[in-house]
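Inspection log for the structure reproduced underneath, given as structure tokens.
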């Protein structure tokens with residue numbers, strides 16, 4: 001299955017973004033290696049620069065990694081699938097799942 005890359009004017013929560021991609025027979029992107037991280041960082045910077053007038057309100061990016069309850073802290077798993085992610089490529093202070101996690 002191919003990854004979904006889309007810049008949308010209307011903010012979506014994770015579930016809506018995953019559904020949006022699924023409806024296009026794609027899945028949210030997954031970052032598993034340093035090479036993936038380098039690619040996505042460059043890709044996003046390039047896309048944001050190329051569409052600057054349209055993407056001024058971009059506040060975040062959704063990936064295939066999703067939290068699931070695991071006692072007092074969430075575990076991070078890949079969707080679709082269910083393997084636990086052990087290496088993260090997040091900005092310092094992330095993930096900030098509680099603000100805007102449900103799209104509110």
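Numbering (the UniProt record's numbering), first residue to last: 1 to 104. Note that CB positions come from ideal geometry on N, CA and C, so glycine has one too. Since the structure is predicted, the reported quantities are computational estimates derived from the model, not experimental observations.
Ignore the nearest five residues each way along the sequence and tell me which others in residue i's own chain have a CB closer than 7 Å to its CB.
i, result
"residue 79", "18, 64, 66"
"residue 24", "4"
"residue 40", "29, 31"
Enumerate in chain order the residues of its own chain whose CB-to-CB distance from residue i is below 6 Å, with the five nearest sequence positions on each side excluded.
i, result
"residue 38", "none"
"residue 84", "75, 77"
Run through the DSSP bridge pairs and tell me what residue i is partnered with.
i, result
"residue 28", "4"
"residue 77", "66, 84"
Need the endpoints of the alpha helix (DSSP H) that residue i sits in, please.
i, result
"residue 90", "Residue 90 -> no alpha helix (DSSP H), and no H or E assigned at all."
"residue 38", "34-50"
Mind checking which residues open and close the beta strand (DSSP E) that includes residue i?
i, result
"residue 115", "The structure shown does not extend to residue 115, since the chain is modelled only from 1 through 104, so no value can be given for it."
Excluding five sequence neighbours on each side, which residues of the same chain lie with their C-beta closer than 8 Å to the C-beta of residue i?
i, result
"residue 30", "3, 36, 63, 64, 65, 78"
"residue 20", "4, 6, 8, 12"
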